[in-house]
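*Asks:*
Numbering (full-length UniProt numbering), first residue to last: 1 to 121.
Next comes the structure, spelled out in structure tokens:
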């Protein structure tokens with residue numbers, strides 16, 4: 001069964017990304033980015049959010065100060081689907097045998113086998 005999320009599927013910053021195609025430096029309201037109150041980015045057609053653009057964010061990336069802790073993720077551990085998994089769920093192979101029947105079930109006779117059995121009696 002699918003699990004639905006309450007989180008936004010697309011971040012607001014991505015929804016607000018507008019690309020201008022200004023040829024004059026983005027210093028007027030003709031700039032699509034400036035018109036919407038946004039800064040130009042590298043996605044913009046002509047200015048590419050470069051230093052020559054007058055509507056570029058001066059510090060596009062947030063710098064970490066020395067007081068902030070940098071958390072590094074550990075290496076990704078890949079596991080195979082062995083019998084020693086401990087996810088708390090039973091595996092399909094452990095509850096049924098290879099033929100797809102539950103281990104407690106006996107083979108059900110087919111009509112053909114049942115007819116042959118009755119004829120033999």
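Every residue gets a Cβ at the ideal spot worked out from N, C-alpha and C, and that includes glycine.
Could you check what DSSP says for residue 40 in three-state terms: helix, strand or coil?
*Replies:* Strand, per DSSP.
*Asks:* Rank 8, 21, 110, 119 by C-alpha distance to the C-alpha of residue 47 and give the top, closest one.
*Replies:* Considering only alpha carbons, the answer is 21.
*Asks:* Leaving out five residues before and five after residue 23 in sequence, what residues of the same chain have Cβ atoms less than 8 Å from its Cβ?
*Replies:* Around residue 23: 46.
*Asks:* How big is the Cα-Cα spacing for residue 10 and residue 113?
*Replies:* Residue 10 and residue 113: Cα-Cα distance of roughly 60 Å.
*Asks:* Can you tell which of 30, 25, 3, 43 has its C-alpha closest to the C-alpha of residue 53?
*Replies:* Residue 25 is the option with its Cα nearest to residue 53.
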